[in-house]
Amino acid sequence: MPDPRTLFAKIWDRHVVASLDGGADLVAIDRIFLHERTGAAALNSLKAAGRPVANPSRVFCVMDHIVDTRPGRDDRTLMPGGQAFITETRAAARDAGITLFDVTDPDQGIVHVVSPELGIVLPGCTLIAPDSHTCTQGAFGALAWGIGSSEAEHAMATGTLRLARPKTMRVTFTGELAPGVTPKDMMLALIARHGAGGGKGHAVEFAGSAVEALDMEGRMTLCNMATEFAAMTGMIAPDEKTFAWLDGRRYAPGGAMLAAAVAEWRTLATDPGAAFDAEIAIDAATIEPMVSWGTSPEHSAGISGAVPIDAPERPLAYIGLGPGQPIGGTPIDAAFIGSCTNGRLSDLRRAAALLKGRHVAPGVKALVVPGSMAVRRAAEAEGLDRVFTEAGFEWRMSGCSMCFYAGGESFPAGSRVISSTNRNFEGRQGPGIRTHIASPETVAASAIAGRIADPRDIAA
Ligand SMILES: CC(C)[C@H](C(=O)O)[C@@H](O)C(=O)O
Ligand code: SF4
Numbered sequence: 001m002p003d004p005r006t007l008f009a010k011i012w013d014r015h016v017v018a019s020l021d022g023g024a025d026l027v028a029i030d031r032i033f034l035h036e037r038t039g040a041a042a043l044n045s046l047k048a049a050g051r052p053v054a055n056p057s058r059v060f061c062v063m064d065h066i067v068d069t070r071p072g073r074d075d076r077t078l079m080p081g082g083q084a085f086i087t088e089t090r091a092a093a094r095d096a097g098i099t100l101f102d103v104t105d106p107d108q109g110i111v112h113v114v115s116p117e118l119g120i121v122l123p124g125c126t127l128i129a130p131d132s133h134t135c136t137q138g139a140f141g142a143l144a145w146g147i148g149s150s151e152a153e154h155a156m157a158t159g160t161l162r163l164a165r166p167k168t169m170r171v172t173f174t175g176e177l178a179p180g181v182t183p184k185d186m187m188l189a190l191i192a193r194h195g196a197g198g199g200k201g202h203a204v205e206f207a208g209s210a211v212e213a214l215d216m217e218g219r220m221t222l223c224n225m226a227t228e229f230a231a232m233t234g235m236i237a238p239d240e241k242t243f244a245w246l247d248g249r250r251y252a253p254g255g256a257m258l259a260a261a262v263a264e265w266r267t268l269a270t271d272p273g274a275a276f277d278a279e280i281a282i283d284a285a286t287i288e289p290m291v292s293w294g295t296s297p298e299h300s301a302g303i304s305g306a307v308p309i310d311a312p313e314r315p316l317a318y319i320g321l322g323p324g325q326p327i328g329g330t331p332i333d334a335a336f337i338g339s340c341t342n343g344r345l346s347d348l349r350r351a352a353a354l355l356k357g358r359h360v361a362p363g364v365k366a367l368v369v370p371g372s373m374a375v376r377r378a379a380e381a382e383g384l385d386r387v388f389t390e391a392g393f394e395w396r397m398s399g400c401s402m403c404f405y406a407g408g409e410s411f412p413a414g415s416r417v418i419s420s421t422n423r424n425f426e427g428r429q430g431p432g433i434r435t436h437i438a439s440p441e442t443v444a445a446s447a448i449a450g451r452i453a454d455p456r457d458i459a460a
């Protein structure tokens with residue numbers, strides 16, 4: 001019998017092209033994604049070096065970070081000088097012969113939403129992008145991680161990347177989530193309990209009954225925030241839900257090819273008895289809806305909790321809360337639903353279920369930005385756009401939008417925002433913006449209440 005191996009080891013071992021001096025491996029890269037924020041730089045520098053993209057059919061590019069999300073958009077963006085990122089990336093992508101999902105393309109959307117939607121990420125593949133939330137796609141049992149721009153160049157030119165083998169960690173969520181508690185809350189609880197550096201240097205596999213019970217979109221939310229845990233990536237063993245998701249997607253294998261692929265993908269799961277370098281176990285039933293109170297995702301607490309009495313000064317000064325202050329009940333100025341963490345159809349459905357027949361509190365600016373145009377169309381087909389707009393939310397085109405102050409979209413300086421996104425550091429959503437990260441349900445409930453509120457208090 002061969003030694004039991006982890007999901008990570010199975011993927012890594014079959015992608016190692018060579019073991020290099022100094023302990024690093026040369027790893028074959030199956031898929032590369034670019035976006036307009038960093039894409040033009042990588043493609044242009046490759047071109048300047050006189051090197052073509054080795055295999056353009058494996059390289060994809062989206063427009064998501066800087067694009068305007070107001071309906072009727074074109075290449076113009078609220079980011080000063082932002083249009084050049086878009087036009088230069090478009091020209092460089094066309095020149096390199098890679099696949100581009102452009103601003104007005106029906107497939108446009110946030111990179112980590114579009115790739116799974118189109119079946120570009122597959123179990124067992126290696127996928128990289130110069131974007132830290134590439135780990136989202138590990139939800140498919142892929143090895144997917146964020147890289148720097150020069151590594152993107154190297155990978156595009158050679159189809160490989162040189163890197164040191166990370167350590168492995170398994171995070172097991174046992175038991176069952178309580179009603180109203182979501183994958184976002186699982187990650188905020190993990191990071192609050194084990195620190196924003198807790199996964200450093202590790203490829204993290206999420207496992208256990210509460211993970212198996214999640215749908216694919218929930219699994220993506222979980223893996224998305226592996227980078228907030230400082231992990232190289234997050235991943236989940238592929239199962240029937242994974243295979244069903246991929247069935248019929250444009251770039252995924254179909255027919256007899258799919259059946260053969262599924263047979264292969266079934267072998268990827270971690271073998272019983274395989275050893276991890278580190279293990280964490282969390283009882284899912286102990287998690288409640290979580291909200292951040294500071295400027296790191298580790299500054300998070302249960303909605304019924306309070307800011308710790310020994311909380312550090314600087315984040316509290318920025319966020320404008322005091323030690324021991326209850327988190328629930330804090331008045332908000334704005335609410336945002338969207339991003340690669342929580343901007344998918346199921347996120348929108350769950351928020352809309354709470355908003356139906358209700359209205360955002362007076363004075364609260366609320367906005368929903370679907371993670372992709374496909375999500376937007378699917379939501380409209382179900383009438384979710386009307387639920388949101390009747391509740392007083394703005395209904396936008398897809399993009400990163402207010403997740404990140406890169407496209408110039410923001411709320412008035414200093415606003416307190418409840419947000420379904422993944423980062424809450426100073427200025428993340430714009431000058432002086434005080435971000436509280438939470439699940440889409442908590443965002444919806446808080447928008448209605450005009451203050452940070454527990455979604456479980458609203459009967460959907
Ligand atoms: C702009 C991009 C490189 C960045 C990232 O790497 O994650 C952004 O997506 C973010 O979420 O901060
Ligand atoms: S939605 Fe936010 S976290 Fe995701 S890729 Fe865009 S900016 Fe980064």
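The sequence shown stops at residue 460 when you use UniProt numbering, and every number in between is there.
All residues carry an ideal CB built from backbone N, CA and C; glycine is no exception.
Since this is a predicted model, take the numbers as computed values, not measurements.
Bridge partner(s) assigned by DSSP for PRO331: Under the DSSP definition of a beta bridge, PRO331 partners with ARG451.
Neighbourhood of VAL262 by C-beta, 6 angstroms cutoff - its chain only, sequence neighbours within 5 removed: Contacts found: PHE243.
Among LEU7, TYR318 and ILE433, nearest to GLY124 - alpha-carbon criterion: It is LEU7.
Cβ contact (3+ pairs, closer than 8 angstroms) linking the region 191-208 and the region 221-233: Contact holds: three or more Cβ-Cβ distances are below 8 angstroms.
Buried versus exposed call for GLY294 [16 or more other C-beta atoms within 10 Å across all chains shown]: Answer is buried; the Cβ neighbour count reaches 16.
Three-state class that DSSP yields for PHE229 in the structure shown: Residue state, collapsed to three classes: helix.
Any non-hydrogen atom of ligand 1 closer than 6 angstroms to HIS112 Cβ: Because no heavy atom of ligand 1 lies under 6 angstroms away, the Cβ of HIS112 does not count as near it: no.
7 angstroms Cβ cutoff met for GLY218 and THR174: No, the pair does not count as a contact, with Cβ atoms beyond the cut-off.
Check: HIS133 C-beta below 6 angstroms from any heavy atom of ligand 1: Checking every heavy atom of ligand 1 against the Cβ of HIS133, one is found closer than 6 angstroms.
Residue from ALA28, VAL103, LEU78 and VAL291 with nearest C-alpha to MET63: With distances taken between CA atoms, MET63 lies nearest to VAL103 out of ALA28, VAL103, LEU78 and VAL291.
Selection from LEU348, GLU288, CYS400 and VAL16 that minimises the alpha carbon distance to ASP30: Comparing Cα-Cα distances from ASP30 to each of LEU348, GLU288, CYS400 and VAL16, the minimum goes to VAL16.
Anticipated Cβ contact below 8 angstroms, ARG358 with GLY180, distance rounded: That pair is no contact at about 16 angstroms.
Sheet register partners of GLY254 (DSSP bridge): None; GLY254 has no bridge partner.
Alpha-carbon to alpha-carbon, GLU279 and GLN83: If I take the Cα positions, the gap works out to 46 angstroms.
Per-residue DSSP class, three states only, for LYS365: Per DSSP, reduced to three states, the secondary structure at LYS365 is strand.
Start-end ranges of the alpha helix (DSSP H) lying completely within the region 33-87, minimum 4 residues: DSSP runs (the alpha helix (DSSP H)) wholly in the region 33-87: 39-48.
PHE229: CB within 6 angstroms of a non-hydrogen atom of ligand 1: For ligand 1, no non-hydrogen atom lies closer than 6 angstroms to the CB of PHE229.
Three-way DSSP call (helix, strand, coil) for LEU246 in this model: For LEU246, the secondary structure class from DSSP, reduced to helix, strand or coil, is helix.
Heavy atom of ligand 1 within 6 angstroms of ARG396 beta-carbon: Answer for ARG396: no, Cβ out of range of ligand 1.
Local conformation of MET1 per DSSP, three classes: In the three-state reduction of the DSSP assignment, MET1 falls in the coil class.
GLU264, buried or exposed, once every other Cβ within 10 Å from all chains shown has been counted against 16: So GLU264 ends up on the exposed side.
ALA18 - partner residues in DSSP beta bridges: For ALA18, DSSP records a beta bridge to LEU26.
heavy atom of ligand 1 below 6 angstroms from PHE336 C-beta: Using a cutoff of 6 angstroms, the CB of PHE336 does not count as near ligand 1, since none of the ligand's heavy atoms is closer than that.
Sequence-distant residues of its chain with Cβ nearer than 6 angstroms to GLU394 (five each side left out): Excluding its 5 nearest sequence neighbours in each direction, GLU394 has C-beta neighbours in its own chain below 6 angstroms: LEU367, listed in chain order.
Straight-line Cα distance separating THR286 from ILE292: Note on residue identity: the sequence assigns Ser, not Ile, to residue 292. Distance between the alpha carbons of SER292 and THR286: 17 angstroms.
GLY218 - containing alpha helix (DSSP H), residue span: Start and end: 216-224.
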